[in-house]
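Worksheet: one structure, shown below.
In the numbering used here, the protein residues as written are 141 to 516.
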């Protein structure tokens with residue numbers, strides 16, 4: 141009889157141990173990992189993404205956490221370089237032993253990380269990229285919160301052609317991010333039986349735009365669609381304006397809207413940027429009011445699109461954690477996220493299923509005003 145009792149007790153202990161055996165989960169804490177550019181030419185993107193995530197996690201922790209567990213964010217800097225991103229992901233999983241990943245920044249870095257995420261079967265929520273290569277083929281571990289670059293470039297080209305603009309050039313970053321955006325522009329133009337009047341490129345983490353500028357201005361475009369980081373886009377716009385170019389500039393959201401506006405200064409007036417999150421400066425929806433409240437509580441009143449995206453990423457992740465229940469595992473998190481069908485967060489809807497992990501197709505167009513402030 142004593143042997144049976146001892147075996148039963150041992151079984152309970154083992155069951156209890158196994159319930160907490162998932163890396164990054166204890167009875168009091170959940171470790172979430174982020175790999176992003178915290179230094180280098182794209183640093184503001186990672187920094188602001190981190191800020192928005194942390195603002196929401198802090199608010200959740202102050203209210204008791206998720207099912208009694210607080211959330212701790214561990215960030216590793218990849219400098220927006222693929223090799224560093226792969227190393228950062230491995231370190232987060234094997235050294236920091238995080239439960240899940242969230243808030244990564246960039247296409248080339250995301251592509252470098254994807255094989256590791258897949259092999260280790262670690263969920264990754266909210267990649268700051270719209271590249272199709274990270275959406276197709278379907279990956280069960282990856283949950284996108286934002287719309288794709290195809291969605292953004294379609295919105296841009298639709299806007300331009302509606303107003304009769306057909307002479308469109310493309311300036312893109314020579315990597316998987318830039319090429320993903322270029323593919324989107326070409327797709328949208330082909331749909332309208334159009335072709336770009338010029339295509340020119342710049343290397344990642346470089347501001348050497350002289351050759352690209354010469355090639356594009358020679359074609360006399362009415363508008364230039366840019367798919368690059370804010371430093372190179374700002375360098376191109378300033379140089380073009382200095383040469384007297386008076387056409388329009390359009391950017392996709394990954395450029396980092398506030399970072400671009402700050403880098404351009406007075407040269408930014410009239411530059412258009414597509415967005416994949418609600419307008420963060422006007423509290424005209426519940427989700428924006430909550431974002432502004434959480435940021436203010438954390439001591440940050442400098443609202444922007446990138447921290448808004450970080451906030452939404454954290455919001456979606458926390459909802460998935462809540463739905464996963466008290467017995468938290470990577471599998472229950474995936475199931476919890478997949479149960480979010482047409483979930484309205486207060487003006488931003490997220491929709492997942494077992495076969496679809498792109499949560500939103502929301503796009504918007506904003507313009508930089510003369511004072512550097514954004515307008516719809």
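C-beta: ideal position from N, C-alpha, C; glycine also.
Element boundaries [beta strand (DSSP E), containing residue i]
| i | result |
| --- | --- |
| residue 169 | 169-176 |
| residue 213 | 210-217 |
| residue 350 | Here residue 350 belongs to no beta strand (DSSP E); instead the alpha helix (DSSP H) covers 350-358. |
Near the ligand COA: residue i beta-carbon under 6 Å from a heavy atom
| i | result |
| --- | --- |
| residue 496 | What this structure holds is no ligand at all, so the ligand COA is not there to describe. |
Range covered by the alpha helix (DSSP H) that runs through residue i
| i | result |
| --- | --- |
| residue 431 | 426-437 |
| residue 461 | 445-464 |
| residue 253 | 247-260 |
| residue 227 | 222-234 |
| residue 200 | 183-202 |
Coarse secondary structure for residue i, derived from DSSP in three states
| i | result |
| --- | --- |
| residue 484 | strand |
| residue 372 | helix |
| residue 512 | coil |
| residue 472 | helix |
| residue 240 | strand |
| residue 504 | strand |
Where residue i falls, given that 16 or more other Cβ within 10 Å makes a residue buried
| i | result |
| --- | --- |
| residue 393 | buried |
| residue 289 | buried |
| residue 144 | Residue placement at residue 144 cannot be trusted, given a pLDDT of 48 that sits under 50; the coordinates are not used to answer. |
| residue 304 | exposed |
| residue 147 | Annotation note: pLDDT 45 at residue 147 (below 50); position unreliable, no value reported. |
| residue 224 | buried |
| residue 259 | exposed |
| residue 358 | exposed |
| residue 276 | exposed |
| residue 315 | buried |
| residue 494 | exposed |
| residue 234 | exposed |
| residue 228 | buried |
| residue 278 | exposed |
| residue 386 | exposed |
| residue 464 | buried |
| residue 350 | exposed |
| residue 436 | exposed |
| residue 498 | buried |
| residue 295 | buried |
| residue 420 | buried |
| residue 348 | exposed |
| residue 244 | buried |
Below-7 Å beta-carbon distance, residue i vs any chain D residue
| i | result |
| --- | --- |
| residue 290 | The structure shown contains no chain D, having only a single protein chain. |
Cβ-Cβ separation, residue j to residue i (assumed contact under 8 Å), whole Å
| i | j | result |
| --- | --- | --- |
| residue 338 | residue 361 | 6 Å |
| residue 285 | residue 500 | 6 Å |
| residue 340 | residue 355 | 4 Å |
| residue 426 | residue 486 | 3 Å |
| residue 215 | residue 174 | 4 Å |
| residue 461 | residue 266 | That pair is no contact at about 13 Å. |
| residue 251 | residue 222 | 7 Å |
| residue 391 | residue 404 | Contact flag wrong, Cβ pair sits at about 11 Å. |
Kindly provide the ranges of any alpha helix (DSSP H) runs that are 4 or more residues long and lie completely inside the stretch 276-342, ordered along the chain. 289-302, 316-331
Residue ranges of each beta strand (DSSP E) run of no fewer than 3 residues wholly in the stretch 363-427, ordered along the chain? 363-367, 388-391, 412-415
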